[in-house]
Amino acid sequence: MLDKNGIAKRIAKEVKDGYYVNLGIGIPTLVANFVRDDINVEFQSENGVLGMGPFPFEGEEDADIINAGKQTITTLPGASFFDSATSFGMIRGKHVDLTILGAMEVAENGDIANWKIPGKMVKGMGGAMDLVASAENIIVAMMHTNRAGQSKLLKKCTLPLTGVGCVTKIVTNLAVLEVTDRGFLLKERAPGVSVEQIKEATEGTLVVEGEVPEMSV
Amino acid sequence: MISKKVTGVEAALKGVKDKMTLMLGGFGLCGIPENAIAELVRIGVKELTCISNNAGVDDFGLGLLLQKHQIKKMISSYVGENEEFERQMLSGELEVELTPQGTLAEKCRAAQAGFPAFYTPAGYGTEVAEGKETREFNGKMYVLEEAFKADFAFVKAWKGDEAGNLIFKGTARNFNPCMCGAADITVAEVEELVPAGELDPNQIHVPGIFVQRIFQGKNYEKRIEQRTVRTRK
Chain D
313 MLDKNGIAKR IAKEVKDGYY VNLGIGIPTL VANFVRDDIN VEFQSENGVL
363 GMGPFPFEGE EDADIINAGK QTITTLPGAS FFDSATSFGM IRGKHVDLTI
413 LGAMEVAENG DIANWKIPGK MVKGMGGAMD LVASAENIIV AMMHTNRAGQ
463 SKLLKKCTLP LTGVGCVTKI VTNLAVLEVT DRGFLLKERA PGVSVEQIKE
513 ATEGTLVVEG EVPEMSV
Chain X
35 MISKKVTGVE AALKGVKDKM TLMLGGFGLC GIPENAIAEL VRIGVKELTC
85 ISNNAGVDDF GLGLLLQKHQ IKKMISSYVG ENEEFERQML SGELEVELTP
135 QGTLAEKCRA AQAGFPAFYT PAGYGTEVAE GKETREFNGK MYVLEEAFKA
185 DFAFVKAWKG DEAGNLIFKG TARNFNPCMC GAADITVAEV EELVPAGELD
235 PNQIHVPGIF VQRIFQGKNY EKRIEQRTVR TRK
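Protein sequence lines, in the order shown, are assigned to chains D and X.
Residues 313 to 529 (this note's numbering) make up the first sequence, in order.
Residues 35 to 267 (this note's numbering) make up the second sequence, in order.
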C-alpha cells in the first residue's frame, strides 16, 4: 500500500519530457518533488505563473509571487507571469499537457466530484471545473477509500459533479486504473496489495485482465 | 497625453454609491487594491455586489467590507479562509454566486472586449450550467456564459503613468488586467506613479485607454496568506 508520497512518486512517472503540467492542491503538489531531473518540465499555476520553482529560502519570500494555494514560491529560468484570462486560455486551449488533481469521488464513466459536500460549508470550485472540462490528460491522485472506509471509485458519483466524463487515469494508495468504456481497468497493483483487496475497495465496475503487475515505485 | 491622474483615493472613488456592482482585482491577498478597499470601508457604501476571485480573510482584503456588512452579494470562485464570510453566508445575510475561475476571468475579459457572452466547456453537466444555454461544437458540449456588467473596477498595479498605462509584478497581475475596462469606470492604484513617457511603451501590460482614474497608492501591507519557505542546506 502506498502513502501520499508514494502516490505522488508513481504519478511522477507519467510526467514526460517537454510537458507543461498543472498540479492541484494536496497530493498533486507533492508530484513536483519526484519528477526526474534529467527531463525538462514546466509547472503552471492557474493564478498566473509558468515555470514555478521550489519554495523560497527563508527571508526571500515575495508577497507578489505565490501559487494557486496562496503559498510563497520562486520561479525558474524561463518562467513567465500572465493574467488570469490568459492562464485559463492555456488550460481551455489545451496547451497544458497534463493536469493532476485530487478528488472526493470518481465514477467509472470518468465523472469527477471534488468541490462540494451538500450540507457542509461550500468554499467553491476555484479552477477545478475549467481544468477538468478542458484538459485531455487528467490524472486523479487520491486515496482509494474515504475516512469512513467507503470506496471513492463508484458506478456513479453521489456528490455534486465537477465535470463529466473527463478523468482518464487514477492513481490511489492501492492501484493504478484507467477509465474505459467497460469500467475501471486495473493496470497496476500497489506493492503488497492483492487484486482481491482492490476489488473489495472498488464499488464501480473493476475490469481485471490477466496477470496484474505490481507497480514499481 | 490624456491624463487619468487623480489626487488620491478619495477623488478616485467619487461616484461610488450604495447597491453598485464592483470588480476587485487580486488572487487571495495578492494584488488586491488595498487603498480602494480601505476607502470603501471609510465611506461606508452598502449593499454592494462584489466580483472578486476570493473574499479576503477575516481582517484583511474584502474581509474588511464583510465585517461592516457592506456586501450583499459576492461573485467568486473560491471563498474559504474567512469565518465571518461563512457566518454571513450560512445565516443568509450574504448571497454567494460561485463561478469557475476561468469563467470568472473570461466574464471580465468579455466585458472589456465587447463580447456579450461566450461558450466555455467549464461546468457543463454540473449545477453551474443549470438554466444556461448549452451547445455542441465539434462533438463537445459548451455552456453559454454572459459578460459581467459592473459600475466600478478597482485594480492594483506595480507601476503606472499619468496616462493610465499599467505594469504588474509577479502573480499580483492575476485578475487585474482582465478587469481593466470591464466596468463603467476603472480605477487603478499603483505602488509607483510616474509621469507619462517614463515607462517603456513596449513593456506596458494594460494600455491607459482601459483606465479612467489612476492614483499613487500608499502604505501597502501586502500580507502573505501562506508563508512557505525551505531551509538553506
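Backbone N, C-alpha and C fix where the C-beta goes; we use that ideal spot for every residue, glycine too.
As the structure is a computational prediction, the values presented were derived from the model and not from experiment.
What residues of chain X sit near T384 (chain D), judged by a beta carbon separation below 8 Å?
Correct list: I258, Q260, R261, T262 and V263.
Using only alpha-carbon positions, find the residue among X:A145, X:L99, X:P134 and X:K107 that is nearest to I220 (chain X).
Here residue 220 (chain X) turns out to be Thr, not Ile, going by the sequence shown. Taking only the C-alpha atoms, the option nearest T220 (chain X) is X:A145.
Throw me the rounded Cβ distance for the G414 (chain D) and M454 (chain D) pair, which I believe falls under 8 Å.
5 Å
For F496 (chain D), which residues of its own chain have a beta-carbon under 8 Å away from its beta-carbon, when the five flanking residues on both sides are left out?
E420, L465, I482, L489, E490, T514, G516, T517, L518 and V519
Would you call the stretch 339-356 of chain D in contact with the stretch 35-45 of chain X, where contact means no fewer than 3 C-beta pairs closer than 8 Å?
no
Leaving aside the five residues before and after Y158 (chain X) along the sequence, list all residues of the same chain whose C-beta is less than 7 Å from its C-beta, in chain order.
For Y158 (chain X), where only same-chain residues beyond five positions count, the Cβ hits under 7 Å are T168, M175, Y176 and V177.
Could you name the residues of the same chain whose beta carbon sits closer than 6 Å to that of A46 (chain X), not counting the 5 residues immediately before and after it, in chain order?
V40, V221, R247 and F249
Distance check for W192 (chain X) and K203 (chain X), CA to CA, integer angstroms please.
Rounded to whole angstroms, K203 (chain X) to W192 (chain X) spans 6 Å at the Cα level.
For L56 (chain X), which option in X:A70, X:C84 and X:R264 has the closest C-alpha, if you only look at C-alpha atoms?
Minimum Cα distance to L56 (chain X) is reached at X:C84.
Using the C-alpha atoms, what's the distance from V75 (chain X) back to L98 (chain X)?
7 Å
Alpha carbon to alpha carbon, how far is V479 (chain D) from L342 (chain D)? Give it in angstroms, no decimals.
The straight-line gap from Cα to Cα measures roughly 20 Å.
Residue of D:E370, D:G477 and D:I403 minimising C-alpha distance to K468 (chain D):
D:G477
In chain order, what are the residue ranges of uninterrupted beta strand (DSSP E) at least 3 long that sit wholly in the stretch 443-527 of chain D?
450-453, 481-483, 487-492 and 495-501
Helix, strand or coil for S392 (chain D), going by three-state DSSP, please let me know.
strand
Residues of chain D with CB under 9 Å from G49 (chain X), in chain order?
Correct list: empty, because the minimum Cβ distance to chain D is about 26 Å.
Taking only beta-carbon positions, decide if S125 (chain X) is within less than 7 Å of chain D.
With 7 Å as the cut-off, S125 (chain X) does not count as an interface residue toward chain D.
Extent of the continuous alpha helix (DSSP H) to which L63 (chain X) belongs
Neither: L63 (chain X) is in no alpha helix (DSSP H) and is coded neither H nor E.
The alpha helix (DSSP H) with M54 (chain X) in it runs from where to where?
Unbroken run through M54 (chain X): none, as it is neither H nor E.
The stretch 373-388 of chain D in contact with the stretch 259-267 of chain X per 3-pair CB rule at 8 Å
yes
Starting from A417 (chain D) and walking both ways along the beta strand (DSSP E), at which residues does that stretch end?
At residue 417 (chain D) the sequence reads Glu, which differs from the Ala that was named. Element bounds for E417 (chain D): E417 to A419.
Residues, ordered as in the chain, of the stretch 145-161 of chain X that lie near chain D by beta-carbon distance below 8 Å
T154, P155, A156, G157, Y158, G159, T160 and E161
Determine the direct distance from the alpha carbon of G504 (chain D) to that of M313 (chain D), and round the result to whole angstroms.
So the two alpha carbons sit approximately 6 Å from each other.
Would you say the beta carbon of K203 (chain X) comes nearer than 6 Å to a heavy atom of the ligand GTP?
As far as ligands go, the structure on display features none, and thus does not contain the ligand GTP.
Assuming A425 (chain D) and H456 (chain D) are in contact, meaning their beta carbons sit under 8 Å apart, how far apart are those beta carbons, in whole angstroms?
With a Cβ gap of about 16 Å, A425 (chain D) and H456 (chain D) do not count as contacting.
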